[in-house]
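Participant:
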């Protein structure tokens with residue numbers, strides 16, 4: 003074989019080897035792995051209603067106000083004190099931005115506890 007062909011093949015093989023080593027390094031640098039600054043995840047948008055619950059005897063009333071720009075679904079849960087009294091989960095009510103809703107429920111006798119659950123409204 004002539005020396006020129008051998009030199010050309012060696013030069014081509016060296017170029018391929020350098021490219022094979024340089025591409026992963028370029029991808030590593032382009033992804034920002036060596037930049038020293040970590041990319042922070044996006045902050046979640048604030049959401050949820052503020053609810054105030056009042057229990058008087060066998061009745062419970064909750065007022066929920068939504069100060070945020072997304073709609074919130076609220077649901078009143080009531081646990082009655084007597085074993086024979088039926089505990090209740092109210093229907094979910096949508097609280098639009100800037101609105102206040104009233105939720106109410108009752109037991110036959112005393113109320114043991116009542117609370118309001120929240121979840122984001124479907125889009």
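Numbering (the working numbering), first residue to last: 3 to 125. Backbone N, C-alpha and C fix where the C-beta goes; we use that ideal spot for every residue, glycine too.
#1: Mind listing, in chain order, the continuous beta strand (DSSP E) runs of no fewer than 3 residues lying wholly within the segment 45-105?
#2: In whole angstroms, what is the alpha-carbon distance linking residue 117 and residue 55?
#3: Could you spell out the range, first to last residue, of the beta strand (DSSP E) harbouring residue 42?
#4: Name the one or two DSSP bridge partners that residue 108 has.
#5: Closer than 8 Å by C-beta to residue 72: which residues in its own chain qualify, once you throw out the five before and the five after it? Chain order, please.
#6: Once the 5 residues before and after residue 80 are set aside, which same chain residues still bring their CB inside 7 Å of it?
Facilitator: In short, the structure shows the following:
#1: 52-58, 61-67, 74-82, 95-97
#2: Counting from one through the chain shown, the residue named residue 117 turns up at place 115. Counting from one through the chain shown, the residue named residue 55 turns up at place 53. C-alpha separation (whole angstroms): 7 Å.
#3: Indexing the chain shown from 1 puts residue 42 at position 40. No beta strand (DSSP E) contains residue 42, which DSSP labels as neither H nor E.
#4: Along the chain shown, one-based indexing puts residue 108 at 106. Answer by DSSP bridge pairing, in chain order: 61.
#5: Counting from 1 along the chain shown, the entry for residue 72 is found at position 70. Excluding residues within five positions, the ones whose Cβ falls inside 8 Å are 47, 49, 99, 122, 123.
#6: Taking the chain shown and counting its residues from 1, the one referred to as residue 80 is at position 78. Excluding residues within five positions, the ones whose Cβ falls inside 7 Å are 62, 89, 90, 107, 109, 113, 116.
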